[in-house]
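Peer 1:
Number of protein chains: 2
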Amino acid sequence: MLVITIMARDGQAKHLRQQELIRYLTNNPLLKDEELAALFGVSIQTIRLDRSELQIPELRERMKTALQSRRPVRSLASDELVGELLDIEVGRCGVSMLKITPEMCFRKNLVARGHHLFAQANSLAVAVIDAEVALTGAARVLFKHPVTAGDLVLARATVSSQQGHKTVVRVVSRVKETVILEGTFTVFALSEEDNQ
Amino acid sequence: MLVITIMARDGQAKHLRQQELIRYLTNNPLLKDEELAALFGVSIQTIRLDRSELQIPELRERMKTALQSRRPVRSLASDELVGELLDIEVGRCGVSMLKITPEMCFRKNLVARGHHLFAQANSLAVAVIDAEVALTGAARVLFKHPVTAGDLVLARATVSSQQGHKTVVRVVSRVKETVILEGTFTVFALSEEDNQ
Numbered sequence: 001m002l003v004i005t006i007m008a009r010d011g012q013a014k015h016l017r018q019q020e021l022i023r024y025l026t027n028n029p030l031l032k033d034e035e036l037a038a039l040f041g042v043s044i045q046t047i048r049l050d051r052s053e054l055q056i057p058e059l060r061e062r063m064k065t066a067l068q069s070r071r072p073v074r075s076l077a078s079d080e081l082v083g084e085l086l087d088i089e090v091g092r093c094g095v096s097m098l099k100i101t102p103e104m105c106f107r108k109n110l111v112a113r114g115h116h117l118f119a120q121a122n123s124l125a126v127a128v129i130d131a132e133v134a135l136t137g138a139a140r141v142l143f144k145h146p147v148t149a150g151d152l153v154l155a156r157a158t159v160s161s162q163q164g165h166k167t168v169v170r171v172v173s174r175v176k177e178t179v180i181l182e183g184t185f186t187v188f189a190l191s192e193e194d195n196q
Numbered sequence: 001m002l003v004i005t006i007m008a009r010d011g012q013a014k015h016l017r018q019q020e021l022i023r024y025l026t027n028n029p030l031l032k033d034e035e036l037a038a039l040f041g042v043s044i045q046t047i048r049l050d051r052s053e054l055q056i057p058e059l060r061e062r063m064k065t066a067l068q069s070r071r072p073v074r075s076l077a078s079d080e081l082v083g084e085l086l087d088i089e090v091g092r093c094g095v096s097m098l099k100i101t102p103e104m105c106f107r108k109n110l111v112a113r114g115h116h117l118f119a120q121a122n123s124l125a126v127a128v129i130d131a132e133v134a135l136t137g138a139a140r141v142l143f144k145h146p147v148t149a150g151d152l153v154l155a156r157a158t159v160s161s162q163q164g165h166k167t168v169v170r171v172v173s174r175v176k177e178t179v180i181l182e183g184t185f186t187v188f189a190l191s192e193e194d195n196q
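Chains as they are written, first to last, in the UniProt record's numbering: chain A, 1 to 196; chain B, 1 to 196.
Here's what the structure looks like:
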């Protein structure tokens, strides 16, 4: 009886972990098996088995898919984004990743300086705007948790409203599961005439 | 009579201009004679005469005075500030200048990207905090006017409230007389113990 109970509990734990795994990878397609293993407190092998059962491809494949599904960004040149663009639906949402290097941090404590996190979020907010020229009019940012050198910051931008030239974009940045930044950017699209 | 009227009017205009000149240079000690001449629509020679009458030293001297009156910044290493520190009273206020280079701008229209203006304002807000370690918790920024390559941005930070570890710093950045950014930064000072 004990063995069955443990098996049932194990089965339930596995089911819960796999549900979580799907949620994690939906939010953050770049999480490595090692990172997932550390998050769940299981072995890397277990994560690989989970992915195999769930038919979730490996990191390299997930990145390729994300890159292929990209539609062209109009408001920024490709090297003008701060961070690496992983996915974008212009006019709707986008995802970028920024690796925090020691140069981005205060030397005293290797905590990332706010303006780098702001730059990632703000440039992603601009990138999702469906216009040739887009300028940020206002920004409200909460730095929820310190980020340190070596961290991978995944920012996710979502258009939350649009009225005429004015678009409000909400950005949430995470390191693994921890929300480190929440921002609201009001971006104005300039028409071709405005810009002449 | 006409000559006297014109002379009186000229005298009044000069008085008003000199009052404005004092105000401009108090707000922005880095304005060049050329820039002031353009602002008032008078010759550079007129500005020089005004300065001489008002005993306002030349730019180089004004910069030197600003730099000498500086008190040591604790929260940032000297090269960690974005922009050049012109004046600071730790715990109260500070002034910095950032020259906008083409690399800081969108290539399409040479308009400065918001995160550079944010970085100047945010790092100045951190610099005025009287603590070894200070981290930004929240920021609210309005980008009031586009800034272009070649512009000199003067940011002025003032501590507007302080409660325990939490300091609210208000930053206003200008290009000449135009306000281009208004920001409110909530900065948290970390005690030595917090940081260990």
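Yeah, the Cβ is synthetic: ideal placement off N, Cα and C, and Gly gets one too.
#1: Any idea what DSSP makes of F118(B), helix, strand or coil?
#2: Does the Cβ-Cβ distance between I100(A) and T148(A) come in under 9 Å?
#3: How long is the line joining the alpha carbons of H145(A) and V179(A), rounded to whole angstroms?
#4: Hey, would you say F118(B) sits closer than 9 Å to A119(A), going by beta carbons?
#5: For A189(A), count neighbouring Cβ atoms within 10 angstroms of its own Cβ and tell me buried if that reaches 16, exposed if not.
#6: Could you check whether V90(A) and V73(A) sit closer than 9 Å to each other, using their CB atoms as the reference points?
#7: So the beta strand (DSSP E) E89(A) belongs to, where does it begin and stop?
#8: How would you call R23(B), buried or exposed, if buried means at least 16 neighbouring beta carbons within 10 angstroms?
#9: Going along the chain, which residues of the stretch 101-125 of chain A sit with their C-beta nearer than 8 Å to a C-beta in chain B?
#10: Counting only Cβ-Cβ distances shorter than 8 Å, please list the residues of the stretch 131-143 of chain B near chain A, keeping chain order.
#11: In chain order, which continuous runs of the alpha helix (DSSP H) of length 4 or greater are located wholly inside the UniProt domain "HTH deoR-type" (17-59) of chain B?
#12: Report the three-state DSSP secondary structure of G11(B) (helix, strand or coil).
#13: Would you identify the three-state DSSP class for V147(A), choosing helix, strand or coil?
#14: Using beta-carbon positions only, say whether T167(A) and A134(A) come within less than 9 Å of one another.
#15: Quick one: residues in its chain with C-beta nearer than 6 Å to the C-beta of R62(B), no 5 flanking neighbours on either side, listed in chain order?
#16: Going along the chain, which residues of its own chain have a beta-carbon closer than 6 Å to the beta-carbon of S123(A), five neighbours each way excluded?
#17: Would you mind reading off the limits of the beta strand (DSSP E) that contains I180(A)?
#18: Could you check whether the Cβ of E80(B) sits closer than 9 Å to any Cβ belonging to chain A?
#19: Here's a check: name, in chain order, each residue in its chain whose Cβ is nearer than 6 Å to the Cβ of R92(B), leaving out the five neighbours to either side.
#20: I want to verify the contact list: residues of chain B whose CB lies under 7 Å from the CB of A77(A), in sequence order.
#21: What does the alpha-carbon distance come out to for the pair R60(A) and L86(A)?
#22: Is the CB of P146(A) under 9 Å away from at least one CB in chain B?
#23: For R62(A), does the three-state DSSP call read helix, strand or coil?
#24: Considering just the uninterrupted stretch of the beta strand (DSSP E) at A157(A), what are its terminal residues?
#25: Nearest CA to the CA of R174(A): which residue from S161(A), T26(A), D10(A)?
#26: Taking the beta strand (DSSP E) that C93(A) belongs to, which residues open and close that run?
#27: Around the Cβ of S75(A), are there at least 16 other Cβ atoms within 10 angstroms (buried) or fewer (exposed)?
#28: For S43(A), is the classification buried or exposed, using 16 other Cβ atoms within 10 angstroms of its Cβ as the cut-off for buried?
#29: Per DSSP, what kind of secondary structure is A127(B) in: helix, strand or coil?
#30: Taking only the alpha-carbon atoms, compute the straight-line gap between V128(B) and V187(B) and give it to the nearest angstrom.
#31: Since R140(B) sits in a beta bridge, which residues does DSSP pair it with?
#32: Who are the near neighbours of M97(B) in its chain, counting only those whose CB is closer than 8 Å to its CB and skipping five residues on each side?
#33: Have a look at D33(A), A139(A), Q19(A) and flag the residue whose alpha-carbon is nearest the alpha-carbon of E182(B).
#34: Ends of the beta strand (DSSP E) at S173(B)?
Peer 2: Considering the structure as presented:
#1: In the structure shown, F118(B) sits in a helix (DSSP, three-state: H, G or I).
#2: Yes.
#3: The alpha-carbon atoms of H145(A) and V179(A) are separated by roughly 7 Å.
#4: With contacts defined by Cβ atoms closer than 9 Å, F118(B) and A119(A) form a contacting pair.
#5: Classification for A189(A): buried.
#6: Yes. Within cutoff.
#7: Where E89(A) is concerned, the enclosing beta strand (DSSP E) stretches over 84-89.
#8: Exposed is the call here.
#9: Result list: F106, R107, K108, N109, V111, R113, G114, H115, F118, A119, N122, S123.
#10: Per Cβ criterion, the list reads E132, V133, L135, T136, G137, A138, A139, R140, V141, L142, F143.
#11: Contiguous alpha helix (DSSP H) elements confined to the UniProt domain "HTH deoR-type" (17-59) of chain B occur at 33-40, 44-54, taking only those with 4 or more residues.
#12: G11(B) falls in the helix class under three-state DSSP.
#13: Note: V147(A) maps to coil in three-state DSSP.
#14: T167(A) is a Cβ neighbour of A134(A), given a cutoff of 9 Å.
#15: P29, listed in sequence order.
#16: Once the five neighbours on either side are set aside, the close Cβ partners of S123(A) are L81, V82.
#17: I180(A) -> beta strand (DSSP E) spans 178-190.
#18: For E80(B), the answer is yes, since a Cβ of chain A falls inside 9 Å of its Cβ.
#19: Taken in chain order, the residues that qualify are V159.
#20: Here the neighbours are R107.
#21: If you take the alpha carbons of R60(A) and L86(A), they lie about 12 Å apart.
#22: At least one chain B Cβ lies under 9 Å of P146(A).
#23: Helix, per DSSP.
#24: Here the beta strand (DSSP E) through A157(A) covers 152-163.
#25: Of S161(A), T26(A), D10(A), the residue nearest in Cα terms is T26(A).
#26: Looking at the DSSP string, the run of the beta strand (DSSP E) that includes C93(A) is 93-99.
#27: Using a 10 angstroms sphere on the CB of S75(A), the tally of other CB atoms reaches 16 or more, which defines it as buried.
#28: Here S43(A) is exposed, its C-beta having fewer than 16 other C-beta atoms within 10 Å.
#29: Note: A127(B) maps to helix in three-state DSSP.
#30: V128(B) and V187(B) have their C-alpha atoms roughly 10 Å apart.
#31: Looking at the DSSP assignment, R140(B) forms a beta bridge with R140(A), T184(B).
#32: Hits under 8 Å: L30, G83, E84, L86, L152, V153, L154, A155.
#33: The residue with the shortest Cα to Cα distance from E182(B) is A139(A).
#34: It spans 166-175 - the beta strand (DSSP E) in which S173(B) sits, taken as one unbroken run.
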